[in-house]
Amino acid sequence: MRVADLLADPALNIRLAAPGGPGRLARPIAWCAPSEHMDPTPFLSVNALLLTNGMGLNVKDYRIWDAYVERLMSVPVSGLVFGLGAAHRELPAGLVQACEAHGLPLLELPPEVPFVLVMRHVDQLIAAERYAELRTGWELADECTRLAAGGHSLAQVLERVATAINARVAVLDHNGFELMSAGTAGAGRPGQP
14 MRVADLLADP ALNIRLAAPG GPGRLARPIA WCAPSEHMDP TPFLSVNALL
64 LTNGMGLNVK DYRIWDAYVE RLMSVPVSGL VFGLGAAHRE LPAGLVQACE
114 AHGLPLLELP PEVPFVLVMR HVDQLIAAER YAELRTGWEL ADECTRLAAG
164 GHSLAQVLER VATAINARVA VLDHNGFELM SAGTAGAGRP GQP
């Protein structure tokens, strides 16, 4: 689940107000964190998607918005979804400016779309991704078991694992000495940087 995925869902009707720095829209979302605190950072973790209506932030001074966004970037969060409604009929100009200055993606949520819909969407996509990843791991483990049971060597099993994850894998002894390896170091997972 990436920040850009939120923009692709027409049911959410989310508008991109500030794209953030390079690669920020491709940043993963770990979970949704609804908060109306002036400083929510003690309750956040890396790659949280912050959801706020800005009820405690009815301010005009750019410095307050700048400090708010700077605190969010110190976590760092994946993005900020700002819900329009009773507290703010439009995005505060200071918030847009601060998000642009600090490179934080700012997403505008229309008043008719509740945060719970965004949270459900994110949770469902994250759960589907985790299940697909687990299933792929189970299938690889099953394949390796069949290879080993069929008389293939440990080197062949390691090569299959290295190919599947597109990375270097190794078998180490209890002292950390490498006994056998396969694959290329630093290759990374398919589709990953």
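Okay, so the sequence shown: first residue is 14 according to our numbering, each after it adds one.
From the three backbone atoms N, C-alpha and C, an ideal C-beta is built for every residue, glycine too.
Span separating the alpha-carbon of LEU130 from that of GLY163: Taking the first residue of the sequence shown as position 1, residue 130 is located at position 117. Taking the first residue of the sequence shown as position 1, residue 163 is located at position 150. Cα-Cα distance, rounded: 49 angstroms.
Segments assigned beta strand (DSSP E), at least 3 residues, entirely inside the stretch 71–158: Counting only runs of 3 or more, we get 92–96, 119–122.
DSSP state of ALA162 mapped onto helix, strand, coil: In the sequence shown, the residue the question calls residue 162 occupies position 149. Three-state result, ALA162: helix.
PRO53 burial status per 10 Å Cβ neighbour count (16 or more: buried): The residue you call residue 53 lines up with position 40 of the sequence shown. Label assigned to PRO53: buried.
Simplified DSSP assignment, three categories, for GLU172: Looking up residue 172 in the sequence shown gives position 159. DSSP places GLU172 in the helix class (H, G or I) of the three-state scheme.
Proximal residues to PRO32 (C-beta, below 8 angstroms), its chain only, five neighbours per side dropped: Indexing the sequence shown from 1 puts residue 32 at position 19. These residues qualify, in order along the chain: LEU38, PRO118.
Candidates ALA180, ALA177, GLY34, GLY189: closest to PRO89 by CA position: As a position in the sequence shown, residue 89 is number 76, starting the count at 1. Cα-wise, what sits closest to PRO89 is GLY34.
DSSP state of ARG37 mapped onto helix, strand, coil: Along the sequence shown, one-based indexing puts residue 37 at 24. In the three-state reduction of the DSSP assignment, ARG37 falls in the helix class, which pools H, G and I.
ALA180 - DSSP class collapsed to helix/strand/coil: Taking the first residue of the sequence shown as position 1, residue 180 is located at position 167. Here ALA180 sits in coil by DSSP.
Unbroken beta strand (DSSP E) run spanning LEU62, endpoints: Along the sequence shown, read from residue 1 onward, the residue named residue 62 stands at position 49. Note, LEU62: beta strand (DSSP E), 61–65.
Proximity below 8 angstroms, CB of VAL182 to CB of ALA175: The count along the sequence shown starts at 1 and reaches residue 182 at position 169. The count along the sequence shown starts at 1 and reaches residue 175 at position 162. The Cβ-Cβ distance between VAL182 and ALA175 falls below 8 angstroms.
Range covered by the beta strand (DSSP E) that runs through ALA30: Sequence index remark: in the sequence shown, residue 30 carries index 17 (1-based). Unbroken beta strand (DSSP E) run through ALA30: 28–31.
LEU20 - DSSP class collapsed to helix/strand/coil: In the sequence shown, counting from the first residue as 1, residue 20 sits at position 7. In this structure, LEU20 counts as helix in the three-state DSSP scheme.
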